[in-house]
C-alpha cells in the first residue's frame with residue numbers, strides 16, 4: 007500500500023508497530039508498517055524519528071515531493087551492498103552493454119510515444135495530424151536500431167538527437183488534442199510555466215519514487231546511468247529507466263483528467279516563475295497516478311501491475327549486467 011500524506015498540519019508518528027497519521031495533533035488514521043510499501047509526503051507537516059526508524063526497519067521508502075514537482079528527499083533503509091551488480095554496472099560503461107541499454111531505453115520510450123498517439127488517433131474524428139505525427143515518430147525506431155552496440159559515450163549524442171526529434175513530434179501531436187485554454191505549446195521540463203507542464207512534472211516525480219525503489223532493490227547504483235551522462239548529484243540511472251514509463255502512466259493520465267475537465271485552469275496559480283497546482287488538483291493527480299500504478303495489464307503472459315513491472319525492469323537490468331540475460335525495454339502497442 008502506498009500512503010499519501012498531504013495538506014497542512016499533518017504529522018506522522020509511531021505507535022508500537024503502527025504508523026499513525028495526525029492532523030493538528032488529532033489522530034485521523036493508522037496503518038501497520040508492514041502493510042505500507044511507500045509514503046509520499048506532499049504537504050507541510052512533520053515526521054518523528056521513531057516513525058522513520060520503523061519505516062526503515064520495514065523497508066518502506068519515505069519520499070517528499072514539493073509543489074514544483076521536484077523530489078526534495080527520499081529516505082530509505084541502508085543501501086543493499088550488492089557489490090557484484092554495481093561492479094558490472096561500472097564495467098559496462100566501458101563496453102557495448104552501456105550502448106545496448108541506452109538504445110533500449112530510448113527505443114521503448116519512442117514505442118510508447120507511438121502507442122499513445124495511436125490511442126489518441128483512435129478516439130478522435132480529426133485524427134489526420136496525429137496519424138501523421140505518429141508515423142514520423144515511428145520512423146525514429148529504425149534509426150535507433152541502426153546504431154552500433156558500442157559504449158554509450160560514443161553514441162550518446164546520436165541517441166539523444168533521435169530521441170529529441172521523436173519527442174518534438176510527439177509533443178506537437180499531444181498539444182493538438184488540448185483546448186487552447188491550456189496554453190500548452192510543447193514540453194518545457196522543469197520550471198513549468200503552464201498548467202499541463204506542471205501536471206506532467208508532478209506526475210513524473212510520483213513515478214520517479216517508484217523507479218528509485220526498483221533500482222535500489224536490484225542493487226544498482228542510481229547515479230551511474232547509461233543514457234544520461236553522470237553529473238554530480240544527478241540520479242542518471244533513475245532518469246534512464248523512467249523514460250520507459252512516462253507515456254503510459256503519466257502522459258495518458260494527464261490527458262485524461264484535463265480533457266475530461268476534472269481539472270481546470272482555475273486549479274492553478276502563478277507563484278514567481280512557476281505555476282502552482284492547487285491542493286485539490288494535486289490530490290486528484292496523485293490518486294489517478296497511484297490508481298494507474300496499481301492497475302494490471304498483460305505482461306509476459308501474466309496479469310501484473312505497473313508498479314511490479316517497474317520492479318521487474320530493474321531486476322532485468324541487473325540480470326543483463328551480471329548474467330547476460332537480454333534486456334528489453336517496457337512498451338505497449340496502445
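Residue numbers (the working numbering): 7 to 340.
Glycine included, every Cβ here is placed at the ideal spot set by N, Cα and C.
{"Asked": "Under 8 Å Cβ to Cβ from residue 91, same chain only, skipping five residues before and after it: list those, please.", "Found": "224, 225, 226, 324, 327, 328"}
{"Asked": "Give the DSSP-derived three-state secondary structure of residue 74 in the structure shown.", "Found": "coil"}
{"Asked": "Take every Cβ of the segment 229 to 239, pair it with every Cβ of the segment 99 to 119, and state whether three or more of those distances are shorter than 8 Å.", "Found": "yes"}
{"Asked": "Less than 9 Å separating the beta-carbons of residue 217 and residue 320?", "Found": "yes"}
{"Asked": "Look at the Cβ atom of residue 301, then the Cβ atom of residue 312, and state whether they are nearer than 9 Å.", "Found": "yes"}
{"Asked": "Closest to residue 44 by C-alpha separation, out of 79, 174, 215, 127, would be which residue?", "Found": "215"}
{"Asked": "Mind checking which residues open and close the alpha helix (DSSP H) that includes residue 111?", "Found": "102 to 128"}
{"Asked": "Could you name the residues that DSSP lists as bridge partners for residue 318?", "Found": "Answer is none; residue 318 lacks a bridge partner."}
{"Asked": "Within 10 angstroms of its Cβ, does residue 119 collect 16 or more other Cβ (buried), or is it exposed?", "Found": "buried"}
{"Asked": "Just to confirm my understanding: we take residue 220, look at its own chain, exclude 5 residues before and 5 after, and list those with CB closer than 6 Å. What are they?", "Found": "316, 317, 320"}
{"Asked": "Count the other CB atoms, across all protein chains shown, that sit within 10 Å of the CB of residue 331; report buried if there are 16 or more and exposed otherwise.", "Found": "exposed"}
{"Asked": "Around the C-beta of residue 130, are 16 or more other C-beta atoms found within 10 angstroms, so that it is buried, or is it exposed?", "Found": "exposed"}
{"Asked": "Go to residue 274, then tell me how far its beta strand (DSSP E) extends in each direction, as first and last residue.", "Found": "274 to 277"}
{"Asked": "If I'm right that residue 184 touches residue 255 with Cβ under 8 Å, what's the distance once you round it to whole angstroms?", "Found": "About 19 Å separates the two Cβ atoms, so there is no contact after all."}
{"Asked": "Closer than 8 Å is the cut-off here; do at least three beta carbon pairs connect the segment 65 to 80 with the segment 46 to 53?", "Found": "yes"}
{"Asked": "Hey, quick one: how far does the alpha helix (DSSP H) through residue 219 stretch, first residue to last?", "Found": "201 to 223"}
{"Asked": "DSSP three-state call for residue 19: helix, strand or coil?", "Found": "strand"}
{"Asked": "Let me know the secondary structure DSSP gives residue 233 once reduced to three states.", "Found": "coil"}
{"Asked": "Rounded to whole angstroms, what's the CA-CA distance from residue 246 to residue 25? Just pull it up for me.", "Found": "33 Å"}
{"Asked": "So what does DSSP say about residue 91, is it helix, strand or coil?", "Found": "helix"}
{"Asked": "For residue 57, which of 72, 150, 82, 306 has the nearest alpha-carbon?", "Found": "82"}
{"Asked": "Which of the three DSSP states is assigned to residue 288 in this structure?", "Found": "helix"}
{"Asked": "Which two residues bound the contiguous beta strand (DSSP E) that contains residue 136?", "Found": "Note, residue 136: premise wrong, no beta strand (DSSP E); alpha helix (DSSP H) at 134 to 152."}
{"Asked": "Could you spell out where the alpha helix (DSSP H) holding residue 31 opens and where it closes?", "Found": "Counting along the chain, residue 31 falls outside any alpha helix (DSSP H), and DSSP gives it neither H nor E."}
{"Asked": "Is it the case that the Cβ atoms of residue 250 and residue 55 are separated by a distance below 9 Å?", "Found": "no"}
{"Asked": "Could you have a look at residue 304 and say whether DSSP puts it in helix, strand or coil?", "Found": "strand"}
{"Asked": "Considering only residues of the same chain and omitting the five flanking positions on each side of residue 202, which have a CB-CB separation below 6 Å?", "Found": "188, 190"}
{"Asked": "DSSP beta-bridge partners for residue 80?", "Found": "69"}
{"Asked": "Can you give me the Cβ contacts of residue 155 inside the same chain, cut-off strictly under 7 Å, excluding the 5 residues immediately before and after it?", "Found": "102, 105, 106"}
{"Asked": "To which residues of the same chain is residue 271 closer than 8 Å at the C-beta, ignoring the five residues directly before and after it?", "Found": "187, 188, 201"}
{"Asked": "Let's test the definition: count the other Cβ atoms within 10 Å of the Cβ of residue 268 and tell me whether it reaches 16, buried, or not, exposed.", "Found": "exposed"}
{"Asked": "Does DSSP put residue 260 in a helix, in a strand, or in coil?", "Found": "helix"}
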